[in-house]
Each structure stands twice: as structure tokens, then as C-alpha cells.
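Working notes, beginning with the structure itself.
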Amino acid sequence: MLASASEGGLEGARVLEIGGGIGTLQVELLWNGAERGEVVELVSSYEPYASELARDKGLEERTSFRVVDVLEDPDAVEPADIVVMNRVVCCTPDGVALAGQAARLTGRTLVLSFPRDVLWVRFGLRLLNAGLRLAGKSFRVFVHPADALLAAAEAEGLSVFDGGRSVAWEFAALRRAS
């Protein structure tokens, strides 16, 4: 889906993976024809693994990794043709604002995935959060209404052109009107 998500193809495209961890999706898009890629992440510990993955694929000259909070410092990140956020909006209580910021950074296509806002997912994530709390971890997972996430992106001039769902996850691909 990702390799074909961008109308106009990947050739020459700059990819931005927000909260990309080791940059798997960015590397996949580079491997399929995108020109440059960048992972922006809140967690610096992913960087060695992201570098290793890019090096293993022979893409180290075409990718970068930076620790940046796009909500706290939105001007620190350059816009990209294709912006990807895979399972990231659930990692912050500001998921809707993050979707809006990602849309502002999108030149052509935004692809995002998020937990479905349904009873069984909410219940499962409550159990996960309870386990995290009992383990003394401060990290929590959040479910945001799909309508609110998509409205935040649409308010920035994007429109949905593809989407889908599994039992627990949903994705949407949005594009900027020409």
C-alpha cells in the first residue's frame, strides 16, 4: 500500500517518517524509488538501529535520523512530499494535534495508522495501560476518534483517498489537492 500511496509515484520524493522508530517504512519507500528520507523521533535509542537498517540496505547516504518533537518545535522539520505516521498518534494524548502538524508538513501524501475507536480496542488498551502503571512506567497509549484525526488533516488541505482497517488498527491515506 505504501509504495503506491503517493499519487504521482515515489521518484524524486522526500519522505518524512514521524515517530518512525528504526525507519522501516522510510527505508521501504526509499527502496521503492523515493529520493531522500528522514526519521524524526522522540527516542534517541532508535538511532543506531535506524542507521544499521539504512546501511544494510545501502541507503545510508539518502536517509537521516533526528530527535525532534514536531509538536514542540514544528519549524525544526522540513516539509516532505510523503509523510508517514505508523502507530504513532496513539503514543500521545495530543494525537489529533500531531495529525494536524503532520498534515502541515505534507506536500503530497500523508499515510497514518491508529487504533480503532471501538470497545474491544479501548478495553485492551486500558488493560495495557494498567499493566504499564503497575510496572512503574509513565508511557500510556491513547485512542483518538478517527473523525477527529482525519478532520485535523483535512483542515490543512488534505483529503482521504484510501483507507482500511483490521481488528485493532485503522489506516488512512490522504492527499493534497493539486
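Everything in the sequence shown is counted per our numbering, starting at 159 for the first residue and increasing by one. Heads up, the beta-carbon is just placed ideally off N, CA and C, and yes, glycines get one too. None of the values given here were measured: they were computed from a predicted structure.
Could you tell me how far apart the beta carbons of residue i and residue j are, in whole angstroms, since I believe they sit closer than 8 Å?
{"i": "Gly253", "j": "Leu307", "result": "7 Å"}
{"i": "Asp275", "j": "Pro303", "result": "5 Å"}
{"i": "Ala310", "j": "Ala261", "result": "7 Å"}
{"i": "Val197", "j": "Phe223", "result": "5 Å"}
{"i": "Gly181", "j": "Ala212", "result": "7 Å"}
{"i": "Glu218", "j": "Ser209", "result": "7 Å"}
Rank the options by C-alpha distance to the C-alpha of residue i and give the top, closest one.
{"i": "Thr221", "options": "Ser202, Glu193, Leu200", "result": "Glu193"}
{"i": "Glu328", "options": "Glu312, Val301, Leu316, Glu314", "result": "Val301"}
{"i": "Leu316", "options": "Gln259, Arg280, Val279, Ser324", "result": "Gln259"}
{"i": "Thr228", "options": "Ala257, Gly179, Arg213, Leu211", "result": "Per the sequence shown, residue 228 should be read as Val rather than Thr. Comparing Cα positions, the closest option is Ala257."}
{"i": "Leu263", "options": "Gly289, Leu217, Ala238, Gly181", "result": "Ala238"}
{"i": "Cys249", "options": "Leu277, Leu283, Gly181, Glu236", "result": "Leu283"}
{"i": "Asp102", "options": "Phe281, Trp278, Ala255", "result": "This structure gives no information on residue 102, because the portion of the chain shown stretches from 159 to 336."}
On the CB-based measure, 16 or more other CB atoms within 10 Å of its CB, does residue i come out buried or exposed?
{"i": "Ala161", "result": "For Ala161, the predicted structure reports a pLDDT of 49, less than 50, and the residue's modelled location is therefore unreliable. A value from the coordinates is still provided. When all chains shown are included, Ala161 counts as exposed."}
{"i": "Val318", "result": "exposed"}
{"i": "Leu286", "result": "exposed"}
{"i": "Arg365", "result": "The requested residue 365 does not occur in the structure, where the chain is confined to residues 159 to 336."}
{"i": "Val225", "result": "exposed"}
{"i": "Arg266", "result": "buried"}
{"i": "Ala313", "result": "exposed"}
{"i": "Ala326", "result": "exposed"}
{"i": "Glu175", "result": "buried"}
{"i": "Gly322", "result": "exposed"}
{"i": "Gly177", "result": "buried"}
{"i": "Glu199", "result": "buried"}
{"i": "Ala288", "result": "exposed"}
{"i": "Gly179", "result": "buried"}
{"i": "Ser324", "result": "exposed"}
Restricting to runs no shorter than 3 residues, where is the beta strand (DSSP E) found entirely within the region 253-295?
264-273
Validate contact between the region 324-332 and the region 268-286 using beta carbons, cut 8 Å, 3 pairs
yes
With a floor of 3 residues, list each beta strand (DSSP E) that falls wholly inside the region 187-236, ordered by position along the chain.
194-199, 221-225
The region 224-233 in contact with the region 296-304 per 3-pair CB rule at 8 Å
no
With three or more beta-carbon pairs closer than 8 Å as the criterion, would you say the region 185-202 touches the region 235-244?
yes
Just checking, does the region 166-175 make contact with the region 193-213 on the three C-beta pairs under 8 Å criterion?
yes
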